[in-house]
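Colleague: First to last, the sequence lines map onto chains A and B.
Okay, so the first sequence: first residue is 1 according to the numbering used here, each after it adds one.
Okay, so the second sequence: first residue is 376 according to the numbering used here, each after it adds one.
Each residue gets a CB set at the ideal place from its N, CA and C atoms; glycine is no exception.
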Amino acid sequence: MIRLLGLLLLLLQLPQAALAHKPSDSYLALQAQGQNIAGQWDIALRDLEYAIGLDADGDGAITWGEIKARHEAIAAYAFARLKLRTEGRDCEVKVTDHLIDSHSDGSYAVLRFDAACSAQAATAAEIEYRLFFDLDPTHRGLLRWQSGSVTTTGVLSPDRPALQIRGEETTRLAQFFAYAREGVWHIWIGIDHILFLVSLLLPAVLVATARGWAPVDRFAPAMWDVVKVVTSFTVAHSITLSLAALSIISLPSRITETAIALSVLLAALNNIRPVVYEKRWVVAFLFGLIHGFGFASVLSDLGLPREALLTALVGFNLGVEAGQLAIVAVFLPIAYRMRRTVLYRRIILVGGSAIIAALAAAWMAERAFDLKLLG
Amino acid sequence: MNGSTRPGPAASAAVPSRAARLIAAGCAAAGLWGPTLEAAPFRPTDDRAVIERLPTRPTDPVQRELAELRRIHAAAPGEPGPAVDLARRYFSLALESGDMRYTGYAQAALAAWRRPPGPVPVDVLVVKAQLAQYRHDFIDALKLFDAAIALDPKNVRAHAWRAAVNMVIARYDAVRADCTRVRELGEALLATGCEAYLDATLGKAGAAYDALAAQLKAEQGARPTLKLWTLTVLAEIARRKGDMAAAEAHYKAALQLENSDQYLLAAYAELLTHQRRWPDIVALLRRWERSDVLLLQLARAERAVGTPEANAHAALLRSRFADAALRGDSINAQDEAWFRLEFEQDPKGALALALQNWAIQKEPRDAEIVLEAALAARDPSAAKPVMDWLARTGLEDPRLAELAAAMKKTTR
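#1: Check the Cβ of isoleucine 67 (chain A) against every Cβ in chain B and list those closer than 8 Å, keeping chain order.
#2: Which residues of the region 675–697 of chain B have a Cβ closer than 7 Å to any Cβ of chain A? Give them in chain order.
#3: Between the region 251–261 of chain A and the region 209–221 of chain A, do three or more beta carbon pairs fall short of 8 Å?
#4: For the region 464–487 of chain B, which residues have a CB atom closer than 8 Å to at least one CB atom of chain A, in sequence order?
#5: If you follow the beta strand (DSSP E) that asparagine 541 (chain B) is in, where does it begin and where does it stop?
#6: Give the secondary structure of asparagine 36 (chain A) by DSSP, where H, G and I count as helix, E and B as strand, and everything else as coil.
#7: Please classify alanine 766 (chain B) as buried or exposed, where buried requires at least 16 neighbouring CB atoms within 10 angstroms.
#8: Which of the three DSSP states is assigned to serine 250 (chain A) in this structure?
#9: Entirely within the region 166–227 of chain A and at least 3 residues each: give me those beta strand (DSSP E) ranges in chain order.
#10: Just to confirm, is the Cβ distance from threonine 567 (chain B) to arginine 556 (chain B) under 9 Å?
#11: Within 10 angstroms of the Cβ of phenylalanine 287 (chain A), are there 16 or more other Cβ atoms? Answer buried if so, exposed if not.
#12: Near asparagine 541 (chain B), what residues of its chain come up, given a Cβ to Cβ distance below 6 Å and the 5 sequence neighbours on each side ignored?
#13: Are the beta-carbon atoms of isoleucine 127 (chain A) and lysine 83 (chain A) separated by less than 9 Å?
#14: Take glycine 319 (chain A) and list the residues in its own chain whose beta-carbon comes closer than 7 Å to its own, dropping the five residues that flank it on each side.
#15: I want to verify the contact list: residues of chain A whose CB lies under 8 Å from the CB of glycine 578 (chain B), in sequence order.
#16: Tell me whether valine 328 (chain B) is buried or exposed, calling it buried when 16 or more other Cβ atoms sit within 10 Å of its Cβ.
#17: Given glutamate 677 (chain B), which residues of its chain have a CB within under 7 Å of its CB, disregarding the five upstream and five downstream residues?
#18: Step through the CB atoms of chain A and report whether any lies within less than 9 Å of the CB of proline 496 (chain B).
#19: Mind checking if proline 760 (chain B) is an interface residue toward chain A, Cβ cutoff 9 Å exclusive?
#20: Are there 16 or more other CB atoms within 10 angstroms of the CB of serine 24 (chain A), so buried, or fewer, so exposed?
#21: Going by beta carbon distance, what residues of the same chain come within less than 6 Å of glycine 315 (chain A), once the five residues before and after it are set aside?
#22: Straight-line CA distance for alanine 361 (chain A) to serine 353 (chain A)?
#23: Which same chain residues end up closer than 7 Å to serine 253 (chain A) when comparing Cβ atoms and leaving out the 5 residues on each side of it in sequence?
#24: Using the beta-carbon count (16 or more within 10 Å), is tryptophan 224 (chain A) buried or exposed?
#25: Ignore the nearest five residues each way along the sequence and tell me which others in tyrosine 584 (chain B)'s own chain have a CB closer than 6 Å to its CB.
#26: Mind checking the region 90–112 of chain A against chain B and listing, in chain order, the residues whose C-beta falls within less than 7 Å of any C-beta there?
#27: Return the residues of the region 151–164 of chain A that lie within a Cβ-Cβ distance of less than 8 Å from chain B, sorted by chain order.
#28: First and last residue of the beta strand (DSSP E) that includes alanine 426 (chain B)?
#29: Mind reading off the beta-carbon distance from alanine 748 (chain B) to alanine 725 (chain B)? Whole number of angstroms is fine, and I expect it under 8 Å.
#30: Use the C-beta contact count for alanine 595 (chain B): other C-beta atoms within 10 angstroms, 16 or more gives buried, fewer gives exposed.
#31: Roughly how many whole angstroms lie between the Cα atoms of isoleucine 744 (chain B) and leucine 750 (chain B)?
#32: Using CA coordinates, which residue listed in B:Leu746, B:Leu670, B:Ala734 is at the minimum distance from aspartate 710 (chain B)?
#33: Counting only beta-carbon atoms, is tryptophan 281 (chain A) nearer than 9 Å to chain B?
#34: Keeping to the same chain, check which residues put their C-beta closer than 6 Å to that of glycine 401 (chain B); ignore five residues upstream and five downstream.
#35: Buried or exposed: where does valine 437 (chain B) fall if 16 or more other Cβ atoms within 10 Å of its Cβ makes it buried?
#36: Checking 9 Å against the spacing of the C-beta atoms, do valine 229 (chain A) and alanine 357 (chain A) come in under that value?
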C-alpha cells in the first residue's frame with residue numbers, strides 16, 4: 001500500500017483510495033493429443049457481462065438460466081478472439097460443454113472444447129489470443145499448454161498476443177537424463193551426504209588393530225570395503241527414496257534433516273574413537289535409509305511427472321549413484337597412496353573427522369532447534 | 376527454518392528453501408503433487424441459481440452515467456475531452472471499489488494515445504500517469520507527469536501527484552520542490568500537508584504535526600476531501616510521534632466524514648494492529664473481504680481472536696496470491712510478504728518478497744515488513760538497505776525503532 005499516494009487519491013480523485021484487487025484474467029488450458037487439442041477456457045462472468053451482456057433482466061444478479069441463454073453468444077464472442085493453428089492453418093474448434101467454476105475473484109464460465117488441427121499439434125502450434133484486449137488492456141490470458149508429460153505456461157497480453165509452442169519432442173530418454181542430471185547435481189551440492197560418505201570411506205584404506213588404525217597391505221581389501229559401504233548406502237537410500245517418492249512413507253523434513261546431521265556426526269566420531277570396524281557397511285545401510293528421505297524431498301521439489309514417475313525416480317536415483325561413484329573414484333586412489341603417512345592417519349583421518357563432527361554437530365543443533373549458527 | 380547445508384551460488388537457485396521443501400514434503404505427504412486451487416467445474420441444476428452478483432446494476436445512476444460517457448466517447452474516440460472524462464470516471468471507480476478492472480477500462484478509453492508519436496494532451500498525460508502509478512510503474516508515471524508539467528507548469532494535480540510518487544521512491548529533494556510549487560500555486564493546506572508528510576519522514580515529526588494542525592484550524596472551511604486527507608496525514612504523523620490517542624482521534628474524525636473508505640480503514644486497522652486490539656479490527660473490517668490488504672488485516676485479527684472465518688479467509692488470500700503469481704504481477708508483494716510471514720511460516724520467502732517490494736517503494740510500512748521478515752529469517756544482513764534508509768532519513772516511528780533495536784541486537 002502506498003501511503004501518500006493513497007492519501008492523494010482521496011484528495012484529488014474521490015473520497016476513496018486505491019488498494020490492490022484482482023485484475024481480469026482468463027485461464028486457458030490446452031492439451032495436445034495428436035492432431036487434436038483438448039481445451040478448457042475459464043472466462044470471468046463479470047468480463048462477459050461487460051463485453052456482451054448476460055444480466056438479461058438487469059437485476060444485478062446473473063443466474064444460470066441467463067447464462068444458458070447466452071451460451072452460443074459467449075462461444076461465438078470468445079472463439080472469434082482465439083485462434084489455434086498448426087502449420088499456419090486454423091484448427092477447427094467445437095465447443096463440447098458449458099460449465100461454471102469459481103476462482104478467487106468470482107464465478108467463471110467454463111468452455112470445454114476440442115480443436116481439430118491439420119498437423120501434429122504436439123510438435124508445433126501457434127496460439128493467438130485477443131480476448132477483451134480492446135475493452136481492457138490489463139486483461140491477461142493465462143495459458144497452460146500440455147503435451148505428453150511436458151507442461152508449458154505463458155501469459156498472453158496486448159503486447160504479446162501470440163505464442164508459438166515448440167514441442168521439442170520430449171522423449172522418455174530426455175526426461176530420464178534430465179532427472180539423472182538433477183541427481184548428480186544434488187549429491188555434489190549436498191555437502192552433508194558427501195561428508196557422511198567420506199567419513200565412512202576414510203578408514204577403508206586402513207585396518208583396525210589393537211593399537212588403532214593401521215594401513216592395509218593390498219588394494220583389494222580396501223576396494224572391497226568401499227564397495228560394501230557404497231553399495232549398502234545406495235541400496236538403503238534407494239529403498240526410502242522410492243517409498244517416499246511414491247508417497248508410501250513420509251517423514252517431516254526437520255526430523256529427516258536432523259537425523260542426517262546425526263549420521264554424519266556418528267560416522268565422523270567413529271573415525272576418532274572407533275566402535276564399529278568391519279561392519280561400517282551396516283552403519284551405511286541404516287543411515288542410508290534416512291538419507292533417502294532427504295533425496296526424496298529434493299525430488300518432490302522438482303515435481304514428479306505422474307505419467308513418468310518411474311522414469312524420473314530411476315533417473316534421479318542413478319544420477320545420485322553416478323555422482324557418488326565420481327567422488328569414490330577420486331577419493332580411493334589418493335587415500336590408498338597416502339595411507340601409510342602420518343598426515344593421513346593423524347591429520348586427515350582424526351583431524352578431518354573432528355572438523356566434520358563439529359560441523360555436523362552444529363547442523364544438528366540448527367536443524368533440531370531451528371537455529372542459525374553457520375553463515 | 377534453515378541450516379545452510381547446500382552452499383554455493385547455484386544451490387540457492389536450484390534448491391528451494393528448506394521451508395519450501397517442508398511445504399512440498401507436506402503436500403507430497405498429503406498426495407497433492409501440484410497446486411490444485413480451483414474446485415472442479417460444475418453444472419448448476421437450477422436455472423434460477425444466482426451464479427454471480429454484479430457490483431452494480433445496469434440501471435444504477437453510475438451505470439447510466441457511464442453509458443452516457445461511453446456514448447459520447449464512442450462518437451468521437453480521438454477527441455481528448457470525452458476520452459479523459461470517461462477515463463477519469465473509470466479511474467475514480469477503481470479507487471472507490473478497489474477493482475482493477477476499471478483501470479483497464481480507463482486505459483481502453485485512452486487507446487487513441489496509446490503509442491507515440493503524436494502530441495498527447497496534458498489531461499491525457501496526467502490520467503495515464505495516474506494509471507501508471509496505480510500499477511506501481513513509478514518510473515513511467517514520473518515521465519508522464521514531467522511531460523504534463525512541461526506543457527502546463529501550473530497544473531496543481533500533476534505537481535501534487537509527482538510529489539507523491541517521488542515520496543514513495545524516496546526522492547525527497549524532488550518532493551520538496553513540488554510541495555513548494557503547490558504552495559506557489561495557492562494551495563496552502565495541500566502544500567502544508569505535502570511538506571508535513573515529508574518532514575515527518577525526515578525526523579521532524581513534532582514540528583510537522585504542529586504546522587499541519589495549525590493550518591487545518593485556519594482552514595476549517597476546506598473541502599471535505601481535503602479535510603479528510605489532512606486528518607489522515609495528522610493521524611499518521613501522530614502515530615509516528617508515539618501519540619496513539621491523538622492518532623486514533625484523527626482517524627475517528629476522518630471516519631465521521633466518510634466511513635466507507637478503504638485507505639482510511641487500512642491505516643486505522645494498522646494502528647489497531649500495532650496495539651493488538653484484535654476484536655476492534657474484526658468489528659471494523661467485517662465486510663471488507665474484497666480488498667486484499669483489508670482481508671489480510673481481517674484474517675490476522677480473526678486468527679488472533681479465534682473466529683471460525685479465519686481459515687477460510689486465509690485460504691482466499693492464498694488463492695489470490697497464487698492467481699497473481701500466474702499472471703506475473705508483483706503489485707501485492709508487500710501483502711504477500713506479510714501473508715508468508717504470518718500464515719505460511721515462511722520467513723525466507725517473506726523476506727525475498729519484502730526486499731522485492733523495497734526495491735520499488737520505500738515507505739515506513741515497506742521498511743517494517745523487511746525488518747520483520749529479516750528478523751524472523753535470522754538474516755540481519757538482508758535488512759541493511761532499510762537500516763541505512765532509517766539512519767539517513769532519521770524517521771521517527773516507535774514500531775520501526777523497536778524492530779531496528781532488535782535487529783542491532785542480533786548483529787552485535
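Modeller: Working from what's here:
#1: Here the question's residue 67 (chain A) lines up with position 67 in the first sequence. The answer, in chain order, is Ile426.
#2: Leu691, Ser694, Arg695
#3: no
#4: Phe466, Ser467, Ala469, Leu470, Glu471, Ser472, Gly473, Asp474, Met475, Arg476, Thr478, Gly479, Tyr480, Gln482, Ala483, Ala486
#5: For this step, residue 541 (chain B) is matched to residue 166 along the second sequence. From DSSP, asparagine 541 (chain B) is part of no beta strand (DSSP E) but of the alpha helix (DSSP H) over 531–543.
#6: On the first sequence, residue 36 (chain A) is found 36 positions in, with the first residue counted as 1. Strand at asparagine 36 (chain A).
#7: By one-based count along the second sequence, residue 766 (chain B) stands at place 391. By the neighbour-count rule (16 or more Cβ atoms within 10 Å), alanine 766 (chain B) is not buried but exposed.
#8: Residue 250 (chain A) sits at position 250 when you count from the first residue of the first sequence. Correct three-state label for serine 250 (chain A): coil.
#9: 206–209, 212–215
#10: Numbered from 1 along the second sequence, position 192 holds the residue referred to as residue 567 (chain B). Numbered from 1 along the second sequence, position 181 holds the residue referred to as residue 556 (chain B). It is not a contact, given that the beta carbons lie outside the stated cut-off.
#11: Here residue 287 (chain A) corresponds to residue number 287 of the first sequence, with the count starting at 1. Phenylalanine 287 (chain A) is buried by the Cβ-count criterion.
#12: Counting from one through the second sequence, the residue named residue 541 (chain B) turns up at place 166. Here the set comprises Ala549, Val550.
#13: Here residue 127 (chain A) is taken as the residue at index 127 of the first sequence, counted from 1. Here residue 83 (chain A) is taken as the residue at index 83 of the first sequence, counted from 1. Their beta carbons are under 9 Å apart, which means isoleucine 127 (chain A) touches lysine 83 (chain A) by this criterion.
#14: To locate residue 319 (chain A), count along the first sequence from 1; it is residue 319. Excluding sequence neighbours, glycine 319 (chain A) sits near Tyr179, Ala180, Arg181, Glu182, Gly183, Val184.
#15: As a first step, residue 578 (chain B) must be located in the second sequence, where it is residue number 203. Correct list: empty, because the minimum Cβ distance to chain A is about 17 Å.
#16: Outside the displayed range of chain B (376 to 787) lies residue 328 (chain B), so it cannot be described from this structure.
#17: The residue you call residue 677 (chain B) lines up with position 302 of the second sequence. Val657, Glu684, Ala685, His688, listed in sequence order.
#18: Stepping through the second sequence from its first residue, residue 496 (chain B) is reached at position 121. False, the Cβ-Cβ gap to chain A never drops below 9 Å.
#19: Position 385 of the second sequence, counted from the start, is the residue given in the question as residue 760 (chain B). False, the Cβ-Cβ gap to chain A never drops below 9 Å.
#20: The residue given as residue 24 (chain A) occupies position 24 in the first sequence. Buried, since its Cβ has 16 or more Cβ neighbours within 10 Å.
#21: Here residue 315 (chain A) is taken as the residue at index 315 of the first sequence, counted from 1. The answer, listed in chain order, is Phe176, Tyr179, Ala180.
#22: For the purposes of this step, residue 361 (chain A) is identified with residue 361 of the first sequence, where counting begins at 1. For the purposes of this step, residue 353 (chain A) is identified with residue 353 of the first sequence, where counting begins at 1. So the alpha carbons of these two residues sit roughly 12 Å apart.
#23: Locating residue 253 (chain A) in the first sequence gives position 253, where the first residue counts as 1. Closer than 7 Å at Cβ, skipping near neighbours: Ser297.
#24: Indexing the first sequence from 1 puts residue 224 (chain A) at position 224. Counting Cβ neighbours within 10 Å, tryptophan 224 (chain A) comes out exposed, since fewer than 16 surround it.
#25: As a working note, residue 584 (chain B) is residue 209 in the second sequence. Ile612, listed in sequence order.
#26: Leu99, Ile100, Asp101, Ser102, His103, Ser104, Gly106, Ser107, Val110
#27: Thr153, Val155
#28: Translated into positions along the second sequence, residue 426 (chain B) becomes position 51. Note on identity: in this sequence residue 426 (chain B) is isoleucine, with alanine being the wrong assignment. 425–428 is the extent of the beta strand (DSSP E) around isoleucine 426 (chain B).
#29: By one-based count along the second sequence, residue 748 (chain B) stands at place 373. By one-based count along the second sequence, residue 725 (chain B) stands at place 350. At roughly 4 Å, the Cβ-Cβ gap stays under 8 Å, so alanine 748 (chain B) and alanine 725 (chain B) are in contact.
#30: Counting from one through the second sequence, the residue named residue 595 (chain B) turns up at place 220. Residue 595 (chain B) is actually glutamine in this sequence, not alanine. That one is exposed.
#31: If you number the second sequence from 1, residue 744 (chain B) lands on position 369. If you number the second sequence from 1, residue 750 (chain B) lands on position 375. Each residue's Cα considered, the two are about 10 Å apart.
#32: The sequence position of residue 710 (chain B) within the second sequence is 335, counting from 1. Aspartate 710 (chain B) has its Cα closest to that of B:Leu670, out of B:Leu746, B:Leu670, B:Ala734.
#33: For the purposes of this step, residue 281 (chain A) is identified with residue 281 of the first sequence, where counting begins at 1. Not one chain B Cβ lies under 9 Å of tryptophan 281 (chain A).
#34: In the second sequence, counting from the first residue as 1, residue 401 (chain B) sits at position 26. Legend: pLDDT at glycine 401 (chain B) = 34, less than 50; position of this residue unreliable, value from coordinates given subsequently. Once the five neighbours on either side are set aside, glycine 401 (chain B) has no close Cβ partner at all.
#35: For the purposes of this step, residue 437 (chain B) is taken as residue 62 along the second sequence, with counting starting at 1. Classification for valine 437 (chain B): exposed.
#36: As a working note, residue 229 (chain A) is residue 229 in the first sequence. As a working note, residue 357 (chain A) is residue 357 in the first sequence. Result no, Cβ atoms of valine 229 (chain A) and alanine 357 (chain A) do not sit closer than 9 Å.
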